[in-house]
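Undergrad: Quick note: the sequence shown uses the UniProt record's numbering, first residue 1, plus one each step.
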Amino acid sequence: MTETLEHPVTVSDRAAKRIARIVANEPEGTALRVSVEGGGCSGLQYKYDLVTEREEDDLVIEKNGIAVLIDSVSLQYMTGSEIDFVDDLIGQSFQITNPNAVAGCGCGTSFTI
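(1) How big is the Cα-Cα spacing for Ser74 and Lys47?
(2) With DSSP as the reference, please indicate the residues paired to Val60 in a beta bridge.
(3) Considering only their Cβ atoms, is the gap separating Val23 from Val68 smaller than 8 Å?
(4) Could you check if Asn98 is buried or exposed, using at least 16 other CB atoms within 10 Å of its CB as the buried criterion?
(5) Assuming contact is defined by CB atoms lying nearer than 8 Å, are Asn100 and Thr79 in contact in what I supplied?
(6) With DSSP as the reference, label Ser12 as helix, strand or coil.
(7) According to DSSP, is Ala20 part of a helix, a strand, or is it coil?
(8) On the DSSP letters alone, give me the boundaries of the beta strand (DSSP E) that Ala31 sits inside.
(9) Would Ala16 be called buried (16 or more neighbouring beta carbons within 10 Å of its own) or exposed?
(10) Are the Cβ atoms of Asp84 and Arg14 separated by less than 8 Å?
Written as structure tokens, this is what we have:
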């Protein structure tokens, strides 16, 4: 599955540029896997991994030469989200704007649906 106008998750240009910088020195075909797992102070948290293998049920978002993979279980929690990269006074990080999240923690790394 590749990115279309009806894509359930989007990747900002800033995030795509940062991912490209991260995978530049990795083996060819390396992608960023974003998943949702239990944990954090609000119940769910995002996990980021660099992987070279894709699973059959992965949503594959391709943008500007990079690939982001999201498994079907995580996609249930992330539909409608945007993956962005922020560089501010606090530091640099990927941030996900998730319209499904009804609460989050103060550090911004976990959320509740």
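Cβ atoms here follow ideal geometry from the backbone N, Cα and C, with glycine treated the same way.
Just so you know, these numbers come straight off a predicted model, no measurement behind them.
TA: This is what the structure holds:
(1) Going by the C-alpha atoms only, they are around 10 Å apart.
(2) The beta-bridge partner set that DSSP reports for Val60 consists of Leu69.
(3) Not a contact, by the Cβ cut-off of 8 Å.
(4) By the neighbour-count rule (16 or more Cβ atoms within 10 Å), Asn98 is buried.
(5) Inclusion of Asn100 and Thr79 in the CB contact set at 8 Å is warranted, their separation being smaller than that value.
(6) Residue state, collapsed to three classes: coil.
(7) Secondary structure of Ala20 (DSSP, three-state): helix.
(8) For Ala31, the uninterrupted beta strand (DSSP E) run begins and ends at 31-38, by DSSP.
(9) So Ala16 ends up on the buried side.
(10) Yes.
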